[in-house]
Amino acid sequence: MKRYTFSKKEHICKRNEFKQLVLKGKSFYVFPFRCVYIINSSNEYKVKFAVTVPKRNIQQAAKRNYIKRITRESYRLNKHILHDYIENKPIEVLLLCIYIHKNKLPFHTVEISIKSLLNKMINLDLINELKNTNNNAN
RNA sequence: ACAGCAAUUCGUUCUGUCGCUGUGUUGAUACGUGCAACACAGAGGAAAGUCCGGACAACAUAGAGCACCAUACUUCCUAACGGGAAGGACUUAUUUUGUAAAAAGUAAGUACAGAUAGUGCCACAGAAAAUAACCGCCUUUUGCAAAAAAGGUAAGGGUGAAAACGGGAGGUAAGAGCUUCCGCUGCAAGUGGGUAACUGCUUGUUGGGGUAAACCUUAUGGGUUGAAAGACCAUGUAAACCGAGGCUUGAGGGCUGCUCGUCCAAUCUCGGAGGGUAGGUCGAUAGAGGUGUUUAGUGAUAAACAUCCCAGAUAAAUGACAGAAAUGUUGAGCUAUCAACAUACAGAAUCCGGCUUAUAGAAUUGCUGUUUUU
RNA sequence: CGGGGUGUGGCGCAGUUGGUAGCGCACUUGCAUGGGGUGCAAGGGGUCGAAAGUUCGAGUCUUUUCACCCCGA
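Under the numbering used here, the first residue of the first sequence carries the number 369, and numbering increases by one thereafter.
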């Protein structure tokens with residue numbers, strides 16, 4: 369039984385986490401989003417998510433809020449793709465989606481792009497990446 | 001009935017599934033809070049722009065003068081205002097009356113104190129743009145004459161946005177508000193009306209270009225800063241170290257500038273190198289509150305009574321999907337109905353009162369115009 | 001949340017006490033050259049971001065508004 373929740377625990381809230389993402393994170397691109405992620409080792413598996421919509425591209429606050437809600441909703445409905453993969457692995461993933469397109473999009477196209485984004489994350493083979501980053505740090 | 005303008009009001013609704021934020025109750029765990037279930041609540045007329053005014057908070061007990069800034073017909077409303085209401089004056093448009101000048105009505109607008117406190121500015125054109133003599137007119141002197149010199153004079157002169165209050169008569173060497181009559185307008189005095197702005201009448205007048213959204217003058221108001229205000233808790237610690245200046249004969253400081261007063265004052269100031277934090281709670285949602293009725297007032301608004309509790313987030317909550325309804329537009333059509341599309345502007349961030357701007361569409365009222373019927 | 005600034009020819013910029021809107025580069029035409037560049041001469045192109053107002057007259061003064069940029073945390 370999967371639960372389609374998205375509570376405060378799964379948000380990125382702290383200023384330092386955002387700083388880390390911007391400074392150290394790796395990124396790729398799936399149509400309206402530019403996705404930045406970072407992977408840490410930890411005892412329990414954990415995924416945190418956040419959306420940003422830059423003011424430069426979309427100036428009205430109502431439209432910005434609409435886009436954020438849509439992306440959060442589509443992540444909430446599809447996050448099990450990533451969770452099923454990561455479950456029982458000692459990994460902490462931070463994920464930040466930056467909306468780059470300059471106009472409003474309807475819900476369905478955003479949902480499709482989020483799905484493809486999460487599938488791409490799975491294909492990256494996260495454990496190997498984690499080892500590599502640790503080796504580079506050492 | 002249609003169209004236009006103005007004002008006021010409203011500005012999509014319901015059901016199901018999944019989810020977000022807050023509050024309350026219950027449960028298990030546990031005594032840090034988090035988790036689960038249930039119930040209730042959850043964006044606007046502008047939440048926007050940040051253009052004004054307050055509440056609230058801090059700064060030393062918050063004081064004086066100058067500077068600076070803002071406002072500017074009157075009375076009232078208000079916690080306050082640069083906002084609003086009513087009234088006055090002026091301007092514009094229009095209608096009626098009238099030969100005309102003008103008067104009256106209606107509508108709209110007005111940053112509407114002072115140009116008789118002073119200074120400045122008024123391009124080009126024009127003689128001259130504000131103590132006006134270039135031409136002209138007149139007088140005197142010189143001269144045969146032509147003309148020249150000195151003086152008086154704003155009636156006339158193709159300009160210009162604006163030309164020394166307009167017209168008639170007297171007066172004069174020629175002329176002039178120089179005098180007088182009629183008229184416009186300002187100021188002063190008296191008097192009637194009005195709380196007042198203002199206005200009717202009478203008298204006087206060494207008044208008669210514009211510009212104060214030019215400087216300025218007068219009156220009134222403003223202490224400064226701004227929720228990143230501020231209070232508390234947690235974490236960490238360094239009132240440490242080095243260099244320079246200063247130490248009761250007062251350096252220096254104080255949340256706009258200067259001066260004065262006053263207060264604190266060696267636990268000071270500047271530079272170097274370095275350490276820590278960047279989390280939480282309160283502020284912060286019961287209020288100049290909403291709704292309804294009655295009363296007072298021309299009105300803004302106020303008072304009384306009844307009733308209700310109505311967002312409180314902080315990388316920032318209101319959404320998505322499915323279905324139905326409502327409204328509008330377009331097309332088809334048998335005025336029934338069917339299909340497609342659309343449903344604006346836009347998102348609270350300490351809170352209130354205004355102003356300004358954006359806005360699909362709907363309703364009501366008033367005015368104007370056109371057409372049809374009686 | 002608070003504070004400040006800029007909009008003028010295609011581009012970059014001047015323009016002070018209100019009085020005929022300018023400069024450089026670019027563009028067009030002509031001359032010069034065998035041709036091009038350089039050079040010389042002439043020319044076109046502006047509702048001064050938008051809307052109101054004050055004034056006889058606004059790029060300039062006042063108000064409202066739109067867009068862009070910067071600073072404080």
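Positions of the beta carbon are idealized from the N, C-alpha and C atoms, including for glycine.
Everything numeric in this text was worked out from a predicted model, so none of it was measured.
The continuous stretches of beta strand (DSSP E) do not include S442, which lies in the alpha helix (DSSP H) extending over residues A429 to N446. Secondary structure at E479: helix, using DSSP grouped into helix, strand and coil. For L462, the beta-bridge partners assigned by DSSP are I406 and K416. With contacts defined by Cβ atoms closer than 8 Å, H469 and P400 form a contacting pair. With a contact defined as Cβ atoms closer than 8 Å, Y413 and I454 qualify at about 5 Å. Short of 7 Å from the beta carbon of V421, and not among the five residues preceding or following it, lie these beta carbons of its own chain, in chain order: R432, I435, K436 and Y467.
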